[in-house]
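Novice:
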Amino acid sequence: MKIHKKSVLLFLCFVGIQLVVLSKSTIAQPYSQIKLDLKRVPWTQLSYRINKLSVEVNAQVQLASLPAAEVEAALIKSPQGDPIEVWLPESNRISVYYNVNPIFLSPVKTINHVWFNPQDATALGRIRQRRGKEDFKKVYRFTEQGVFRHRREPKDQQEIPLEPEKWTDVKDTFYAYDLAQLGCPNITERTVLIYIASAAELSKSMSPLSFCVFGRRQLFHVRLKPEGIHPIKVDFIEKSQQGEMRRQGKVEVLKIALEVQPLASDLDKVEDFSFLGFQENIAIYIDPLAGLPVQISGIISKVGNVTIKLAEVRLR
16 MKIHKKSVLL
26 FLCFVGIQLV
36 VLSKSTIAQP
46 YSQIKLDLKR
56 VPWTQLSYRI
66 NKLSVEVNAQ
76 VQLASLPAAE
86 VEAALIKSPQ
96 GDPIEVWLPE
106 SNRISVYYNV
116 NPIFLSPVKT
126 INHVWFNPQD
136 ATALGRIRQR
146 RGKEDFKKVY
156 RFTEQGVFRH
166 RREPKDQQEI
176 PLEPEKWTDV
186 KDTFYAYDLA
196 QLGCPNITER
206 TVLIYIASAA
216 ELSKSMSPLS
226 FCVFGRRQLF
236 HVRLKPEGIH
246 PIKVDFIEKS
256 QQGEMRRQGK
266 VEVLKIALEV
276 QPLASDLDKV
286 EDFSFLGFQE
296 NIAIYIDPLA
306 GLPVQISGII
316 SKVGNVTIKL
326 AEVRLR
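Residue numbers (the working numbering): 16 to 331.
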């Protein structure tokens, strides 16, 4: 009888170990390791806007390829961690100029610059600056062990009108993470998701693409999930070397939903994920023939459901 009990215990221990190993391997390998192609991205600038009764939203996205030396010069030094190496011979910079003008609130202007490697979307550095509400300028450097942030804010009301370099409330922080433990092959940044949606070869039948994405202070598991073809109306100006053309009518677009889950961190409170001002139910609509993200929708805090449509695109 004792032998039987020992056998049962050994069997249960073995099963438990196998489940733990399986669980760890499942956690360690949920992320996509695809090779993105800059040549699939036809645009260098996207302009979105919407006018509702309660809010006016304008977002301009710019994409540029820069020599590695220029990117290195733009990145700040981190006092700890091994900095992510810049891709040779060129890396990319994506910039977003985002203006929200609510009818009953003060307008808020935000500028984001993110430097990243084009083939796998690995983030290198970032600058975030906001004016109009809780003003700040934050400069980041991505490393293998975490993200270093240099934050500057106005000390008082008298400093708010000054240039950010003259603000005197300064603080440095390092947001540490363990990539091996989290199973992340690399870290990208939330703004770069619009580049990924254009540079990846997406289709309605493919499995979701998964990435480790750094938000403001922590990492998220973000899945780009195809959710079928949808007809939508478009009306935008297309600019190219050949001139300008107005695109109007209905197009069949692929809906890419963003499924977001926070990853483990040392923060006391999980932060809210945000992409171009949207916090929930975020979706990017891609015209698969033109390779253009023609529409973005989701919920904006204190505003509600919002859909911004492409108003203008500048092609390569």
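Even for Gly, the Cβ is constructed at its ideal location relative to N, Cα and C.
Would you kindly work out how many angstroms separate the C-alpha atoms of Asn116 and Ala195, rounded to a whole number?
Specialist: 42 Å
Novice: With C-beta atoms as the reference, is Val123 less than 9 Å away from Arg108?
Specialist: Going by C-beta atoms, Val123 is not nearer than 9 Å to Arg108.
Novice: Curious, which full-length beta strand (DSSP E) runs of at least 3 residues does the region 202-239 contain?
Specialist: 202-204 and 224-229
Novice: Would you please state the rounded distance, in angstroms, between the beta carbons of Val92 and Arg156? I believe it to be under 8 Å.
Specialist: Here residue 92 turns out to be Lys, not Val, going by the sequence shown. Correct: roughly 7 Å between the Cβ atoms.
Novice: Candidates Phe119, Asp302 and Phe288: which alpha carbon is nearest His236's?
Specialist: From the listed residues Phe119, Asp302 and Phe288, the smallest Cα separation to His236 is found for Phe288.
Novice: Rounded to a whole number of angstroms, what is the C-alpha to C-alpha distance between Ile314 and Leu330?
Specialist: 29 Å
Novice: Keeping to the same chain, check which residues put their C-beta closer than 6 Å to that of Gln75; ignore five residues upstream and five downstream.
Specialist: Ser62 and Tyr112
Novice: Kindly indicate which three-state DSSP category Ser38 falls into: helix, strand or coil?
Specialist: With a pLDDT of 36 at Ser38, under the threshold of 50, the modelled position of that residue is not reliable, and the figure given next carries that caveat. In this structure, Ser38 counts as helix in the three-state DSSP scheme.
Novice: Between Leu139, Glu159, Ile244 and Asp97, which has its C-alpha nearest Ala15's C-alpha?
Specialist: The question about residue 15 has no answer, for the chain in this structure spans 16 to 331.
Novice: How would you write the range of the beta strand (DSSP E) that Val318 sits in, first residue to last?
Specialist: Val318 -> no beta strand (DSSP E), and no H or E assigned at all.
Novice: Rounded to whole angstroms, what's the CA-CA distance from Asp150 to Ser69? Just pull it up for me.
Specialist: 23 Å
Novice: May I ask you to list the residues that DSSP assigns as paired with Ile314?
Specialist: Glu295 and Asn320
Novice: Work out the CA separation of Val162 and Gln233 for me, nearest whole Å.
Specialist: 9 Å
Novice: Bridge partners for Glu286 per DSSP, in chain order?
Specialist: In the DSSP output, where bridge partners are listed per residue, Glu286 has none listed.
Novice: Tell me which same chain residues have a C-beta within less than 6 Å of the C-beta of Leu37, skipping the five on either side of it?
Specialist: Low local confidence applies: a pLDDT of 34 at Leu37 is under 50, so the model's placement there is unreliable, and no value is given.
Novice: What residue from Cys199, Asn201 and Glu242 has the CA that sits closest to Lys219's CA?
Specialist: Glu242
Novice: Apart from the five residues on each side of it in sequence, which residues of its chain come closer than 6 Å, Cβ to Cβ, to Arg231?
Specialist: Glu286
Novice: From Trp58, Lys148 and Leu78, pick the residue whose C-alpha is nearest to that of Gln256; which is it?
Specialist: Trp58
Novice: Do Asp281 and Tyr190 come within 9 Å of each other at the CB atom, strictly closer than that value?
Specialist: yes
Novice: For Gly95, does the three-state DSSP call read helix, strand or coil?
Specialist: Note on residue identity: the sequence assigns Gln, not Gly, to residue 95. Gln95 falls in the coil class under three-state DSSP.
Novice: Based on Cα-Cα distance, which residue from Gln173, Asn66, Leu197 and Leu120 lies nearest to Gln160?
Specialist: Leu197
Novice: Distance check for Pro104 and Asn66, CA to CA, integer angstroms please.
Specialist: 41 Å
Novice: What I want to know is whether the C-beta of Ser218 ends up closer than 8 Å to one or more non-hydrogen atoms of the ligand GTP.
Specialist: This structure simply doesn't include the ligand GTP, nor any ligand for that matter.
Novice: In terms of DSSP beta bridges, what is Ser80 paired with?
Specialist: Asn107
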